[in-house]
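In the numbering used here, the protein residues as written are 275 to 549.
Following this line, the structure appears as structure tokens:
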């Protein structure tokens, strides 16, 4: 069921790269997903309120009946940590062993490899199930994204694009605008821009208030960033499509390898039966 023989007989009995590659890929997957889960747990807190899991994936507190503990994601995080630890243990078990046909890298290692894959698959499955019916409060996300001056960078970018200013100069003007807003919350952003640009450039840059609000809106901040890898919807749509295509190719390869091994096993059985 293999494509071809290995290039070296010693590599056939001693090399365990195939195990280490699988462990490494598993660790990368689980670590990345674990970081996502950490964000999701934060998003699910009352303070953020971005995420609400379906009832089947939460559990009431033992003392506070109104509390919705996100236990599914908590379990996923713990199980994922186990998988990462097992992946590290696999590499540690191999790194100082003799380069030969030994049990350290064979029978004694296989159970750990099996448990690593089992826990990694459990984590992925739990997160996938929990997110299938999860609700995201997109309106609240967008509203909070516009607070705290998060989008002020776009004002600097706009000044650089529309007025040919060096970004450092545009950044300085934007910094004065946001500091002015912090000092005078009731002040209009358009007036603060006139004041800041006059101080830095000696001449005023004028936008009406609606224009400044459009520049600083979270939606505009995302939509205008259409460069490669940017967050604009058309770019993220392309990225999703590419990821799905890569997944489909991986699944096709995986199915092809499984089928080849199954056919080889069938051929071996029938050949032995004829002897």
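For each residue, glycine too, the CB sits at the ideal point set by N, CA and C.
Roughly how many angstroms lie between the CA atoms of residue 468 and residue 483, to the nearest whole one?
Taking the chain shown and counting its residues from 1, the one referred to as residue 468 is at position 194. Taking the chain shown and counting its residues from 1, the one referred to as residue 483 is at position 209. A straight line joining the alpha-carbon of residue 468 with that of residue 483 spans about 11 Å.
Same chain only: Cβ atoms within 8 Å of residue 487, ignoring 5 sequence neighbours per side
Position 213 of the chain shown, counted from the first residue, corresponds to residue 487. Cβ within range, chain order: 463.
In this structure, does DSSP put residue 439 in helix, strand or coil?
Indexing the chain shown from 1 puts residue 439 at position 165. Residue 439: coil per DSSP, three-state reduction.
Residue 315 (DSSP reduced to helix, strand or coil)
Within the chain shown, residue 315 is the residue found at index 41, counting from 1. Looking at residue 315 - three-state DSSP - the assignment turns out to be helix.
Exposed unless 16 or more other CB atoms sit within 10 angstroms - verdict on residue 263:
Nothing can be reported for residue 263: it is not among the residues displayed for the chain, which extend from 275 to 549.
The alpha helix (DSSP H) enclosing residue 498, as first and last residue numbers:
Taking the first residue of the chain shown as 1, we reach residue 498 at position 224. From DSSP, residue 498 is part of no alpha helix (DSSP H); its letter is neither H nor E.
As a quick exercise: from 321, 451, 391, pick the residue whose alpha carbon is nearest that of residue 355.
On the chain shown, position 81 is the one that residue 355 refers to. Considering only 321, 451, 391, the residue with the shortest C-alpha distance to residue 355 is 391.
Beta bridge counterpart(s) of residue 335 as assigned by DSSP:
Mapped onto the chain shown, residue 335 falls at position 61. None; residue 335 has no bridge partner.
Strictly by DSSP, which residues pair up with residue 373?
For the purposes of this step, residue 373 is identified with residue 99 of the chain shown, where counting begins at 1. Note: residue 373 sits in no beta bridge, so no partner.
Close beta carbons around residue 428, own chain, < 8 Å, minus the five adjacent residues each side:
Position 154 of the chain shown, counting from 1, holds the residue named residue 428. The answer, listed in chain order, is 489, 490, 494, 495, 498.
Measuring straight from C-alpha to C-alpha, what distance separates residue 476 and residue 437?
In the chain shown, counting from the first residue as 1, residue 476 sits at position 202. In the chain shown, counting from the first residue as 1, residue 437 sits at position 163. Answer to the nearest angstrom: the Cα atoms are 14 Å apart.
Starting from residue 489, follow the alpha helix (DSSP H) in both directions and report where the run begins and ends.
Locating residue 489 in the chain shown gives position 215, counting from the first residue. Taken as a continuous stretch (DSSP letters only), the alpha helix (DSSP H) holding residue 489 covers 483-490.
Rounded C-beta distance between residue 375 and residue 287? I'm assuming under 8 Å.
The residue you call residue 375 lines up with position 101 of the chain shown. The residue you call residue 287 lines up with position 13 of the chain shown. Indeed they touch by this definition, with Cβ atoms about 5 Å apart.
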